[in-house]
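Quick note, the sequence shown lines up with residues 1 to 551 if you use this note's numbering.
I have placed the structure first, in the form of structure tokens, so that the comments after it can refer back to it.
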Amino acid sequence: MLMAIPIVCFALFVFIYSVNIPWFDDLEAFVGFLLTYLRADTLTEKWAELLRPNNEHRILFAKLTTVSLYSLTGTLNFRWLIGVAFLCLLGMVAVLYRVFRRSALPALYFLPVLLILLQPQYYGTSVWAITALQHEAVLFFMLTALYWLASGTGGRFGLAILIQLLASFSMGNGLFGWIAGGAILVAQRQYARLGIWIGISVGAILFYFHDYASPQGNESSLSFLLHNPHIVFLGFFTFIGGLFDFFPDAPIFRRSILPTLFGFIVGAGVFVVLKPMVLTFLRTSPQPRSSTFSRQQYFFIGAYALLFVNAAVVAILRPRFGYDVMLVSNYMIYPALLVSLLYLSLLNQTRSGVGQFRWLQIGVIFGGMIWAVSYGRFWPRVAQKNQALQAQAFNQKYNGIGLGATLGTPFARLAKDMMDQAVRTGIYQYPTAFYSPFESQFRTAPVNPDPSLKITVTEFPDHYLIQSPDWYLPAETRRICLVARSDQQTYLFPSNAPFVWSRFYANRQNVIGIQASVLKNALPPGTYRLGFVAAPAETPVRFSDQKLSIQ
């Protein structure tokens with residue numbers, strides 16, 4: 001029963017907060033791809049579209065999933081895409097459980113892994129289609145390949161090559177699986193298989209990069225490394241210690257202190273568990289004395305190689321965008337997986353039942369803390385993101401802008417063309433949102449301003465802060481958006497009010513109802529009357545006398 005709690009909670013979390021709305025990279029990766037794929041006349045053209053790079057990555061599995069679901073349902077649904085990725089996450093958990101079961105311990109000892117791994121810190125992956133079908137799926141493929149390699153059998157070696165090839169063409173990180181698999185084959189002293197593995201990996205890497213349009217600016221990372229080696233060094237440990245990102249709203253220096261310190265602890269822990277494995281490899285004959293124990297060792301060697309290579313590449317390539325990228329939610333599945341592996345390794349290397357039970361106690365306390373803090377910190381953020389996506393979907397639907405593009409840019413025009421065409425051809429339908437029953441009231445009905453509703457506008461260099469200082473969020477209201485309506489267009493902007501901690505968890509009544517930030521480049525020139533749409537609410541739509549003029 002205890003084992004089911006983190007699984008069921010996270011499944012419900014993903015189910016509730018995933019939404020059938022594309023965001024930013026989703027537009028080209030799924031909407032644009034599917035439109036082009038369906039227009040392709042020949043099988044060769046369709047395969048070319050499946051293998052065509054998307055920004056830095058080839059995303060073969062994501063595209064195959066899109067085509068498969070469209071063939072079954074006749075529509076493009078992002079919740080279904082996220083659902084497939086969630087199944088891959090459960091597959092990854094299943095691989096870890098198979099490794100764990102070789103220790104012949106009770107299932108309860110696996111509970112810390114579920115607590116550490118199934119939590120919302122990496123919401124940027126778990127409820128976003130493009131990242132979910134990359135990180136979660138590719139990790140599942142690579143860990144499966146490593147598990148099969150660790151078994152040492154010829155048949156599974158062939159299967160490992162096939163699934164590693166799928167991982168390689170489903171995300172750039174998938175290429176790291178070749179290094180991790182090579183580490184296992186070296187540890188097994190399977191040099192003939194290693195030669196085959198290296199030969200296929202070289203072919204896969206050459207094909208992966210053969211028609212890249214550009215290196216996406218990564219060539220400047222070497223210069224950054226040479227000029228800022230300390231940042232790259234610290235970034236590595238900040239990244240692997242990201243599970244301790246307990247203060248995501250703090251300035252980056254203070255925010256990164258705990259993760260960096262924890263990263264040093266994790267690094268030391270991995271060194272402790274790897275040291276006897278390396279010494280065993282150097283001192284013993286090629287044939288291990290315990291096949292069960294060695295299979296686990298081989299898997300851990302490969303998995304650690306995979307995660308450390310990934311962390312090193314992120315530390316080299318990403319800090320030039322800002323140090324906060326080391327703790328971006330999209331990447332936080334990796335430190336969670338690393339700590340889960342460390343716990344399993346410690347269980348594996350502890351031979352006494354008393355010692356293993358002590359690790360279980362430590363794991364449950366530590367995992368329970370991570371689980372509780374992550375839900376406490378990130379649950380409101382995910383709910384807020386869900387509301388923001390609904391607001392931006394309205395803007396895209398009626399104004400042709402909103403799903404990640406900037407007004408007036410080539411990408412904005414491309415996004416509008418793709419979404420309009422997808423809707424027109426029946427490939428995609430905008431979902432019903434909390435504001436849908438009231439659209440006619442705030443979009444087309446005559447405006448009757450309410451003088452009692454006071455709204456203030458505070459201007460900053462790049463945005464406007466819009467608030468209702470005298471109007472507080474009603475007790476029953478769970479969703480609210482600012483409405484900005486001109487004679488030609490109506491825009492929605494999410495209010496942060498329902499997601500303030502005191503309101504989200506304790507339903508406090510003293511929370512200002514409208515708390516919205518409007519970027520200056522988010523609205524075309526015009527004069528906009530300000531109001532709100534809220535639900536549930538006794539009066540779901542209200543407008544004020546306040547206007548916002550955009551030059």
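For every residue, glycine included, the Cβ atom is placed at its ideal position computed from N, Cα and C.
None of these values were measured; they are calculated from a predicted model.
For residue j and residue i, believed in contact at Cβ under 8 angstroms, the rounded distance
i	j	result
L76	A422	7 angstroms
P335	F239	7 angstroms
S329	Y123	5 angstroms
P259	L327	6 angstroms
F141	A167	4 angstroms
I365	L225	About 38 angstroms separates the two Cβ atoms, so there is no contact after all.
V95	L143	5 angstroms
I82	V127	6 angstroms
T477	R443	That pair is no contact at about 20 angstroms.
N310	F176	5 angstroms
A183	G302	5 angstroms
Terminal residues of the alpha helix (DSSP H) in which residue i lies
i	result
K397	G353 to N399
I16	A4 to Y17
V483	Here V483 belongs to no alpha helix (DSSP H); instead the beta strand (DSSP E) covers R479 to R485.
L329	In the sequence as displayed, the identity of residue 329 is Ser instead of Leu. Where S329 is concerned, there is no enclosing alpha helix (DSSP H), given that its DSSP letter is neither H nor E.
V186	F176 to Q188
L162	G154 to S168
A506	W501 to A506
G172	No alpha helix (DSSP H) holds G172; DSSP gives it neither H nor E.
Y123	Y123 to S126
Residue i versus residue j - alpha carbon distance
i	j	result
Q164	K416	36 angstroms
L261	L243	11 angstroms
P498	R381	11 angstroms
R26	I130	For the record, residue 26 in the displayed sequence is Asp; it is not Arg. Cα to Cα, D26 sits roughly 6 angstroms from I130.
F438	P451	21 angstroms
S290	L159	Bear in mind that the predicted position of S290 carries a pLDDT of just 43, short of 50, making it too unreliable to give a figure here.
F86	T125	10 angstroms
F246	R193	44 angstroms
L90	N20	21 angstroms
Q384	H210	41 angstroms
A204	T44	19 angstroms
G241	L337	11 angstroms
A268	L117	21 angstroms
W47	L206	18 angstroms
Y17	G195	46 angstroms
Q551	T527	9 angstroms
A560	T66	Outside the displayed range of the chain (1 to 551) lies residue 560, so it cannot be described from this structure.
V99	Y147	8 angstroms
G363	F110	9 angstroms
Y97	I252	36 angstroms
A29	K63	8 angstroms
A537	I480	9 angstroms
N496	I514	7 angstroms
V373	P248	12 angstroms
I333	L360	22 angstroms
V272	G235	21 angstroms
V541	L389	20 angstroms
Opening and closing residue of the beta strand (DSSP E) in which residue i lies
i	result
S549	V541 to I550
G531	G526 to A535
P494	T490 to P494
V138	Here V138 belongs to no beta strand (DSSP E); instead the alpha helix (DSSP H) covers A137 to S151.
A132	From DSSP, A132 is part of no beta strand (DSSP E); its letter is neither H nor E.
V518	Q515 to L519
Assess, as a yes-or-no matter, whether the segment 141-154 is touched by the segment 390-410 under the definition of 3 or more beta carbon pairs within less than 8 angstroms.
no
In chain order, each alpha helix (DSSP H) run of at least 4 residues that lies wholly inside the segment 29-111:
33-39, 43-51, 60-73 and 78-101
Between the segment 426-445 and the segment 503-520, are three or more C-beta pairs nearer than 8 angstroms?
no
Could you tell me whether the segment 167-184 touches the segment 128-144, using the rule of 3 or more Cβ pairs below 8 angstroms?
yes
Would you call the segment 221-231 in contact with the segment 338-356, where contact means no fewer than 3 C-beta pairs closer than 8 angstroms?
no
Taking one C-beta from the segment 63-72 and one from the segment 30-37 each time, how about it: are there three or more such pairs within less than 8 angstroms?
yes
What are the uninterrupted segments assigned as beta strand (DSSP E) that are 3 or more residues long and contained completely in the segment 194-264, given in chain order?
none
Please confirm if the segment 296-303 is in contact with the segment 272-283, defined as three or more CB-CB distances below 8 angstroms between the two stretches.
yes
I'd like the ranges of any beta strand (DSSP E) spanning at least 3 consecutive residues and lying wholly in the segment 394-468.
456-459 and 463-467
Quick one: any contact between the segment 526-534 and the segment 447-462, if contact means 3 or more CB pairs under 8 angstroms?
yes
Could you tell me whether the segment 107-114 touches the segment 3-11, using the rule of 3 or more Cβ pairs below 8 angstroms?
yes
Could you say if the segment 465-477 and the segment 505-514 meet the contact criterion of at least three C-beta pairs nearer than 8 angstroms?
yes
Cβ pair count under 8 angstroms reaching 3, the segment 537-549 against the segment 474-488
yes
Validate contact between the segment 101-110 and the segment 52-65 using beta carbons, cut 8 angstroms, 3 pairs
no
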